[in-house]
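Terminal number for the sequence shown in my numbering: 60, no gaps in between. Note that the Cβ used here is the ideal one computed from N, Cα and C, for glycine as well.
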Amino acid sequence: MKREILDVSVDQFFFPNNETDKSTQRRQLESLLDDISDKGLRIVTATAKEVKEVETEDK
Numbered sequence: 002m003k004r005e006i007l008d009v010s011v012d013q014f015f016f017p018n019n020e021t022d023k024s025t026q027r028r029q030l031e032s033l034l035d036d037i038s039d040k041g042l043r044i045v046t047a048t049a050k051e052v053k054e055v056e057t058e059d060k
């Protein structure tokens, strides 16, 4: 069951010391992606690839 209060997952609220595989922000992004069309996903994918490339250049 997934419920969020103030953009914090229930598990993170009740069990703040438990390590999770994904941050709240990453889960929120995945939730948004679930509602995006294939065309929108192509745009998001291209943007993410560019961000990754730019971040790699900085290292």
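Just to check my reading of the structure: L34 and L42 have Cβ atoms closer than 8 Å, yes? What is that Cβ distance to the nearest angstrom? Numbered from 1 along the sequence shown, position 33 holds the residue referred to as residue 34. Numbered from 1 along the sequence shown, position 41 holds the residue referred to as residue 42. That belief holds up - the Cβ atoms of L34 and L42 are roughly 7 Å apart, short of 8 Å.
Can you tell me whether K23 is helix, strand or coil according to DSSP? The residue labelled residue 23 in the question sits at position 22 within the sequence shown. Coil.
Cα-Cα separation between R28 and T48, rounded to whole angstroms: Here residue 28 refers to the residue found at position 27 of the sequence shown. Here residue 48 refers to the residue found at position 47 of the sequence shown. Going from the Cα of R28 to the Cα of T48 covers about 18 Å.
Going straight from the alpha carbon of K53 to that of T46, what length do you get? Taking the sequence shown and counting its residues from 1, the one referred to as residue 53 is at position 52. Taking the sequence shown and counting its residues from 1, the one referred to as residue 46 is at position 45. Answer to the nearest angstrom: the Cα atoms are 11 Å apart.
Can you tell me where the alpha helix (DSSP H) with D39 in it begins and where it stops? Taking the first residue of the sequence shown as 1, we reach residue 39 at position 38. That run of the alpha helix (DSSP H) goes D39 to E58.
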